[in-house]
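Enquirer: This is the structure I have questions about; it appears just below.
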Amino acid sequence: MPRATVTKALQETSFYGAVAFFLVLAAFPFYWMVITSFKSNADLYSVTHIPFWFNDPPTLEHFRYLFEQTLFTTWLLNSLIIGLCVTAITLVTALPGAYSLARMTGRNGEALGIGIFLTYLVPPTLLFLPLSRVIAGLGLQNSMWSLIVVYPTFTIPFCTWLLMGFFKALPVEIEEAAIVDGCSLFGAFVKMAIPLSLPGILTVVIFTFTLTLQEFVYALTFISASDQKPITLGVATDLIRGDIFYWGEIMAGALIASIPVAIAYNLFLDRFISGITGGAVK
Amino acid sequence: MVAIADSVPKPAARFRFILDRRDVLGSILVAPAVLYVLLLVGVPFLMAVYYSLSAYTIYDPSWRFVGLSNFADIVENPVFRQTLYNTFIFTFGSQILGLVLGKFGALVLLRPFPGRKLVRALVILPWAVPIALATVAWEWMFDSLYSVINWTLIALGIVTRSDAPNWLGTPHLAMLSVIVVNAWRFFPFAIVIFLAGITAVPQDVLDAATVDGAGFWRRNYQIIMPMILPIVAVGLVFGIVFTFTDLSIVFLMTMGGPVDATSVLGFSGFQTGINSGDVSHGAAISLFMLPVLLVVVVAMLRFIRRREI
Numbered sequence: 005m006p007r008a009t010v011t012k013a014l015q016e017t018s019f020y021g022a023v024a025f026f027l028v029l030a031a032f033p034f035y036w037m038v039i040t041s042f043k044s045n046a047d048l049y050s051v052t053h054i055p056f057w058f059n060d061p062p063t064l065e066h067f068r069y070l071f072e073q074t075l076f077t078t079w080l081l082n083s084l085i086i087g088l089c090v091t092a093i094t095l096v097t098a099l100p101g102a103y104s105l106a107r108m109t110g111r112n113g114e115a116l117g118i119g120i121f122l123t124y125l126v127p128p129t130l131l132f133l134p135l136s137r138v139i140a141g142l143g144l145q146n147s148m149w150s151l152i153v154v155y156p157t158f159t160i161p162f163c164t165w166l167l168m169g170f171f172k173a174l175p176v177e178i179e180e181a182a183i184v185d186g187c188s189l190f191g192a193f194v195k196m197a198i199p200l201s202l203p204g205i206l207t208v209v210i211f212t213f214t215l216t217l218q219e220f221v222y223a224l225t226f227i228s229a230s231d232q233k234p235i236t237l238g239v240a241t242d243l244i245r246g247d248i249f250y251w252g253e254i255m256a257g258a259l260i261a262s263i264p265v266a267i268a269y270n271l272f273l274d275r276f277i278s279g280i281t282g283g284a285v286k
Numbered sequence: 003m004v005a006i007a008d009s010v011p012k013p014a015a016r017f018r019f020i021l022d023r024r025d026v027l028g029s030i031l032v033a034p035a036v037l038y039v040l041l042l043v044g045v046p047f048l049m050a051v052y053y054s055l056s057a058y059t060i061y062d063p064s065w066r067f068v069g070l071s072n073f074a075d076i077v078e079n080p081v082f083r084q085t086l087y088n089t090f091i092f093t094f095g096s097q098i099l100g101l102v103l104g105k106f107g108a109l110v111l112l113r114p115f116p117g118r119k120l121v122r123a124l125v126i127l128p129w130a131v132p133i134a135l136a137t138v139a140w141e142w143m144f145d146s147l148y149s150v151i152n153w154t155l156i157a158l159g160i161v162t163r164s165d166a167p168n169w170l171g172t173p174h175l176a177m178l179s180v181i182v183v184n185a186w187r188f189f190p191f192a193i194v195i196f197l198a199g200i201t202a203v204p205q206d207v208l209d210a211a212t213v214d215g216a217g218f219w220r221r222n223y224q225i226i227m228p229m230i231l232p233i234v235a236v237g238l239v240f241g242i243v244f245t246f247t248d249l250s251i252v253f254l255m256t257m258g259g260p261v262d263a264t265s266v267l268g269f270s271g272f273q274t275g276i277n278s279g280d281v282s283h284g285a286a287i288s289l290f291m292l293p294v295l296l297v298v299v300v301a302m303l304r305f306i307r308r309r310e311i
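Chains as they are written, first to last, in my numbering: chain G, 5 to 286; chain L, 3 to 311.
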């Protein structure tokens with residue numbers, strides 16, 4: 005009996021050890037962001053201080069500098085505008101597109117849907133050279149509007165795919181009943197399918213927004229003017245003077261930009277997974 | 003339904019009549035999405051192919067056709083061959099590490115324990131947070147002077163301050179660092195994929211196997227693994243595609259250095275095509291991604307289809 009207890013205790017210890025390992029592995033860099041952003045510079049740049057906690061009292065000086073002396077609020081605003089515009093473009097195109105592919109185009113729709121989704125896998129690092137010519141042709145170089153034009157190239161495929169799944173999951177009888185009652189095909193889409201798939205649409209809005217926040221390659225390629233940068237690019241590349249990194253400010257900015265994305269991902273994770281894996285799980 | 007639409011052939015309603023044909027309305031609804039993707043993915047893709055066959059630079063936008071000479075140029079360049087090799091090491095190193103961490107993480111998170119929801123939320127973070135921002139945090143952790151990793155190693159007595167590793171300044175350590183950061187970014191995604199697969203395995207199948215005498219490992223590798231392979235394959239396609247073509251981690255952490263030890267295709271294409279303005283050679287470098295992408299995507303699509311039958 006005691007032997008079994010010892011084995012059990014060992015098992016429990018190793019299990020919680022594994023939990024702790026994954027927790028530290030995943031979360032430590034973010035703990036590091038938090039602690040760096042609240043540390044005074046004297047505490048930060050010291051090789052003798054224990055780095056894991058505050059040796060001097062925490063300070064808000066990095067946040068103050070970030071908001072008052074840098075373009076951080078401009079970048080926040082830019083990201084917000086980019087996110088809203090891209091979301092609008094994506095919804096207007098992907099919503100009818102996905103409905104059509106799910107309901108109206110039959111076997112060809114299936115193939116076309118897979119085709120559109122595969123374009124999501126065409127990487128920015130293959131397209132950035134020609135797209136930068138296209139952007140220059142449109143007169144949008146060095147402007148955040150270039151990102152509003154380009155970001156839908158990956159949000160539309162991604163969201164069309166997600167929405168196709170949501171529309172397919174709706175019982176087709178509801179739309180059929182509406183049509184029998186005198187509704188047109190288009191009316192059935194607008195008045196029945198859209199309201200019923202609101203949870204799916206919300207998921208798409210959230211993920212379009214987070215995808216625009218996460219994007220880095222196109223922003224880096226198209227934009228060098230500081231006041232046009234979105235927040236991710238601004239924080240990662242613009243808080244460096246010469247070869248001096250403003251680590252407190254960089255970490256503070258990264259922290260502020262990360263929090264909304266982290267929350268959104270956790271809330272919508274399950275829908276995201278069922279969306280991208282499509283029919284692979286039955 | 004088509005029959006109902008057909009039974010009202012009033013001339014005044016002719017426009018509505020057309021819109022009530024499923025195929026017509028369907029084509030109209032899907033047209034904007036298809037056009038957007040064709041114009042801004044399809045056309046640029048063809049442009050990239052043409053650039054790689056031309057003498058185009060931003061200083062000499064001549065579009066002169068030069069055949070395969072750009073490809074010949076870059077293949078002869080030893081730095082490019084190093085870059086190609088690095089890209090494979092970077093991709094497969096981080097995918098294998100990420101998958102192993104993902105599999106074990108999924109096994110851990112499968113078991114109920116107090117606080118599991120919170121642990122899962124925190125473990126998702128590396129994948130959710132914009133990679134450029136997380137990479138900058140890692141860069142700070144790998145700092146040559148104030149590295150918290152080195153501080154810990156010194157405090158534990160593993161190394162001394164004078165021979166503490168310079169993570170991003172030594173070729174092999176720099177490659178290891180970018181691989182670790184990419185695996186770190188990818189493993190929560192792998193966990194989530196494994197979890198989604200495992201929870202989709204019907205409990206009665208597992209019960210039947212247990213009754214037939216299958217132990218934990220046997221259930222794991224002879225029942226669960228084969229059943230979740232399709233979904234893992236989808237996850238792996240994403241991982242490989244996004245890693246093989248990645249630019250941000252290398253760009254922010256090492257700039258391809260030291261001495262091209264961490265230069266990868268995406269980064270090299272960016273340096274040549276955008277920073278140096280040599281668009282044709284940059285496009286040729288980027289196009290080297292294409293065969294791998296095609297192979298991976300086609301293989302996985304076929305594999306998934308076969309599994310479903």
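Glycine is no exception: its CB is placed at the ideal position from the N, C-alpha and C atoms. A quick note: this is a predicted structure, and the numbers were derived from the prediction, not measured.
Quick check: is the beta carbon of V10 (chain G) nearer than 9 Å to any beta carbon in chain L?
Expert: Taking the first residue of the first sequence as position 1, residue 10 (chain G) is located at position 6. With 9 Å as the cut-off, V10 (chain G) does not count as an interface residue toward chain L.
Enquirer: To the nearest angstrom, how far is it from the Cα of L31 (chain L) to the Cα of I183 (chain G)?
Expert: Looking up residue 31 (chain L) in the second sequence gives position 29. Looking up residue 183 (chain G) in the first sequence gives position 179. Going by the C-alpha atoms only, they are around 18 Å apart.
Enquirer: The ligand NAD and P175 (chain G): does any heavy atom of the ligand fall closer than 8 Å to the residue's C-beta?
Expert: Annotation note on the ligand NAD: not contained in the displayed structure, which lists no ligands.
Enquirer: With 8 Å as the limit, tell me which residues of the region 274 to 286 of chain L have their beta carbon closer than that to any beta carbon of chain G; keep them in chain order.
Expert: Taking 8 Å as the Cβ-Cβ cut-off against chain G, the residues of the region 274 to 286 of chain L that qualify are G275, I276, V281, G284, A285.
Enquirer: Could you spell out the range, first to last residue, of the alpha helix (DSSP H) harbouring R24 (chain L)?
Expert: Here residue 24 (chain L) is taken as the residue at index 22 of the second sequence, counted from 1. Its alpha helix (DSSP H) spans residues 24 to 39.
Enquirer: For the region 225 to 234 of chain L against the region 106 to 119 of chain G, are there 3 or more C-beta pairs whose distance is under 8 Å?
Expert: Contact fails: fewer than three Cβ-Cβ distances are below 8 Å.
Enquirer: Report yes if the CB atom of I118 (chain G) is closer than 9 Å to the CB atom of G101 (chain G), and no otherwise.
Expert: Start at 1 with the first residue of the first sequence, and residue 118 (chain G) comes out as number 114. Start at 1 with the first residue of the first sequence, and residue 101 (chain G) comes out as number 97. No; because the gap between Cβ atoms is not below 9 Å, this pair is not in contact.
Enquirer: What are the start and end residues of the alpha helix (DSSP H) that includes R107 (chain G)?
Expert: The residue given as residue 107 (chain G) occupies position 103 in the first sequence. R107 (chain G) -> alpha helix (DSSP H) spans 76 to 107.
Enquirer: Can you find a CB in chain L that lies within less than 9 Å of the CB of W149 (chain G)?
Expert: Taking the first residue of the first sequence as position 1, residue 149 (chain G) is located at position 145. No, no contact with chain L.
Enquirer: Curious, which full-length alpha helix (DSSP H) runs of at least 4 residues does the region 155 to 215 of chain L contain?
Expert: The qualifying runs are 173 to 202, 205 to 213.
Enquirer: Quick one: what does DSSP say S56 (chain L) is sitting in, helix, strand or coil?
Expert: For the purposes of this step, residue 56 (chain L) is identified with residue 54 of the second sequence, where counting begins at 1. In this structure, S56 (chain L) counts as strand in the three-state DSSP scheme.
Enquirer: What is the DSSP secondary structure of I126 (chain L), counted as helix, strand or coil?
Expert: Numbered from 1 along the second sequence, position 124 holds the residue referred to as residue 126 (chain L). Helix, per DSSP.
Enquirer: Rounded to whole angstroms, how far is the Cβ of A256 (chain G) from the Cβ of L70 (chain G), which I believe are closer than 8 Å?
Expert: Here residue 256 (chain G) refers to the residue found at position 252 of the first sequence. Here residue 70 (chain G) refers to the residue found at position 66 of the first sequence. About 5 Å separates the two Cβ atoms, so the contact holds.
Enquirer: Give the interface partners of I160 (chain G) over in chain L, defined as CB-CB distance under 7 Å, in chain order.
Expert: Within the first sequence, residue 160 (chain G) is the residue found at index 156, counting from 1. What I160 (chain G) touches in chain L: A35, Y38, V39.
Enquirer: Closer than 6 Å by C-beta to W165 (chain G): which residues in its own chain qualify, once you throw out the five before and the five after it? Chain order, please.
Expert: Here residue 165 (chain G) corresponds to residue number 161 of the first sequence, with the count starting at 1. Result list for W165 (chain G): F121, in chain order.
Enquirer: Once the 5 residues before and after T97 (chain G) are set aside, which same chain residues still bring their CB inside 6 Å of it?
Expert: Along the first sequence, one-based indexing puts residue 97 (chain G) at 93. Closer than 6 Å at the Cβ level, and outside the excluded window around T97 (chain G), lie I160.
Enquirer: Is there at least one Cβ from chain G nearer than 9 Å to G241 (chain L)'s Cβ?
Expert: The residue given as residue 241 (chain L) occupies position 239 in the second sequence. No, because no Cβ of chain G sits closer than 9 Å to the Cβ of G241 (chain L).
Enquirer: Under a Cβ-count criterion, where at least 16 other Cβ atoms within 10 Å of its own Cβ denotes burial, should R107 (chain G) be classed as buried or exposed?
Expert: Within the first sequence, numbered from 1, the residue matching residue 107 (chain G) stands at position 103. That one is buried.
Enquirer: With a threshold of 8 Å on Cβ separation, who are the neighbours of T129 (chain G) within its own chain once the five nearest residues in sequence on each side are excluded?
Expert: Along the first sequence, one-based indexing puts residue 129 (chain G) at 125. So the qualifying residues of the chain are V221.
Enquirer: Run through the region 198 to 257 of chain G for me and flag every whole beta strand (DSSP E) of 3 or more residues, listed as ranges in chain order.
Expert: Fully enclosed beta strand (DSSP E) runs of 3 or longer: not present.
Enquirer: Using a Cβ-Cβ cut-off of 8 Å (strictly less than) and excluding sequence neighbours within five positions of G265 (chain G), which residues of its own chain qualify?
Expert: The residue you call residue 265 (chain G) lines up with position 261 of the first sequence. It should be noted that the sequence gives Val, not Gly, for residue 265 (chain G). For V265 (chain G), where only same-chain residues beyond five positions count, the Cβ hits under 8 Å are T214, L217, Q218.
Enquirer: Can you tell me which residues form a DSSP beta bridge with F132 (chain G)?
Expert: Stepping through the first sequence from its first residue, residue 132 (chain G) is reached at position 128. The partner list for F132 (chain G) (beta bridge, DSSP) is empty, contrary to what the question assumes.
Enquirer: May I ask you to report which of helix, strand or coil DSSP gives F58 (chain G)?
Expert: Translated into positions along the first sequence, residue 58 (chain G) becomes position 54. Here F58 (chain G) sits in coil by DSSP.
Enquirer: Which runs of the alpha helix (DSSP H) fall wholly inside the region 134 to 184 of chain G and span at least 4 residues, in chain order?
Expert: List check, alpha helix (DSSP H) in window: 149 to 154, 156 to 173, 176 to 184.
Enquirer: So with CB distances below 7 Å, who are the chain G contacts of Y53 (chain L)?
Expert: Translated into the one-based positions of the second sequence, residue 53 (chain L) becomes position 51. In chain order: L133, P134.
Enquirer: Considering Cα atoms alone, identify which of L:R221, L:F115, L:P260, L:L249 is closest to T225 (chain G).
Expert: Taking the first sequence and counting its residues from 1, one reaches residue 225 (chain G) at position 221. When only C-alpha atoms are compared, the closest one is L:L249.
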